[in-house]
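>
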Amino acid sequence: MATFMVGLDGSIMATAIPHITSVFDSLDQAGWYGSSYLLAMAALQPMCGRVYVDFDVKRALLCGIFVFEIGSALCAAATSSFMLIIGRSVAGGGASLLFNGAFTVIGTSIPLNKRAIYIATLSSIFGLTSIIGPLLGGVIVDQLSWRWCFWINLPIGAVASPALILSLQTPCQSASKLSWIRRIIRLDLPSTLVLSGSLVSLCKALQNGGAVYSWSNVRVWGFFLGSGLLLGAFIILQTFVCKDGFFPRNILTNRMVITSTVFSLLFSMALNA
């Protein structure tokens, strides 16, 4: 149910954005209505993965639902384009927690020989929302209001939370014995901020290039350069500075991991192009 909610919120905006743009008279910001959600979801993935290592899985999932619902409520009640973008970013943060949590629960609670079935089910649900989302968004905008594209998430979350509390049983984690200060440090907030800055700069370059400025404009190349420098800083932090980096060195040099990551990147680019 949580996966359905996350996927639906990512696709339902496709048919609602034109109407929202006309309401707020914000054509220059329309690209951020969809990308801010996905940007926050992507930038927070490493940190959210660490959350499920050091904190209780059930509580982390409940926090993800709460943050996602707060973001949805902000979007639904938005009085300006900026408020809507902030709400989408908050919802993206909650979605990152939920998306990580779904696979963490499978990894900790499901036997190895059955995990493929559960992962395939989650992927199918996520794919189904890509089909349902735009259709449902069009119906809601025509029959009700674009705000209901976000209000609809609240009852789903209200049902998912008690179901999660009553049904989910997760094993105790040894990492939870760490002190709270140590857990916060291990979240590595500086690296998360640097990665977020890199992705924001990349999005600014891609959205402004050819639309607001020409591709040869110094501002566009400045954003590309800033994105590359921040990404390099993130890699340096993870490799040489941070004692408890998100990515262990043996993973970064594993051929299978690198190949799978590149495949996932190219597949996602083709799917969402």
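Here our numbering is used: the sequence shown runs in plain steps of one and ends on residue 1049.
We put the beta carbon where it would ideally sit given N, CA and C, even for glycine.
With a threshold of 8 Å on Cβ separation, who are the neighbours of residue 861 within its own chain once the five nearest residues in sequence on each side are excluded?
Result list for residue 861: 805, 808, 809 and 812, in chain order.
> Starting from residue 859, follow the alpha helix (DSSP H) in both directions and report where the run begins and ends.
Residue 859 -> alpha helix (DSSP H) spans 857–885.
> Which same chain residues, not among the five before or five after residue 932, have their C-beta less than 6 Å away from its C-beta?
Taken in chain order, the residues that qualify are 781.
> Identify the residues that DSSP records as bridge partners of residue 828: which are they?
Paired residues: none, contrary to the question.
> Under 7 Å, do residue 778 and residue 939 count as touching if we go by C-beta distance?
Not in contact: residue 778 and residue 939 (Cβ atoms no closer than 7 Å).
> From 879, 856, 841 and 914, pick the residue whose C-alpha is nearest to that of residue 899; which is it?
Nearest of 879, 856, 841 and 914 to residue 899, Cα basis: 879.
> Could you check how far apart the C-beta atoms of residue 913 and residue 925 are, in whole angstroms? I think they sit under 8 Å.
Residue 913 to residue 925, Cβ: 6 Å. Contact.
> Using C-beta distances below 8 Å, list every residue in its chain close to residue 916, excluding the 5 sequence neighbours before and after it, in chain order.
Once the five neighbours on either side are set aside, the close Cβ partners of residue 916 are 788, 792, 922, 924, 925 and 928.
> Determine the direct distance from the alpha carbon of residue 790 to that of residue 959, and round the result to whole angstroms.
So the alpha carbons of these two residues sit roughly 38 Å apart.
> Verify whether the separation of the beta carbon atoms of residue 871 and residue 975 is less than 7 Å.
Not closer than 7 Å, so no.
> Please report the residue range of the alpha helix (DSSP H) in which residue 993 lies.
No alpha helix (DSSP H) holds residue 993; DSSP gives it neither H nor E.
> Around the Cβ of residue 837, are there at least 16 other Cβ atoms within 10 angstroms (buried) or fewer (exposed)?
Burial call: buried.
> For residue 849, which of 835, 833, 839 and 866 has the nearest alpha-carbon?
The residue with the shortest Cα to Cα distance from residue 849 is 866.
> Which residues bound the alpha helix (DSSP H) around residue 1020?
Where residue 1020 is concerned, there is no enclosing alpha helix (DSSP H), given that its DSSP letter is neither H nor E.
> Taking just the CA atoms, how far does residue 857 sit from residue 798?
Near 11 Å, if we compare the C-alpha coordinates of residue 857 and residue 798.
> Can you check whether the CB of residue 826 is closer than 7 Å to the CB of residue 963?
It is a contact, given that the beta carbons lie within the stated cut-off.
> State the CB to CB distance for the pair residue 1000 and residue 822, rounded to an integer number of angstroms; the pair is presumed to be in contact (CB under 8 Å).
About 22 Å separates the two Cβ atoms, so there is no contact after all.
> Does the count of Cβ pairs from the segment 988–1004 and the segment 1030–1048 closer than 8 Å reach three?
No, the segment 988–1004 does not touch the segment 1030–1048.
> Which stretch, first to last residue, makes up the alpha helix (DSSP H) that contains residue 983?
From DSSP, the alpha helix (DSSP H) with residue 983 extends over 965–984.
> Go ahead and label residue 1038 buried or exposed: buried means 16 or more other beta carbons lie within 10 angstroms of its beta carbon, across all protein chains shown.
Residue 1038 should be labelled exposed.
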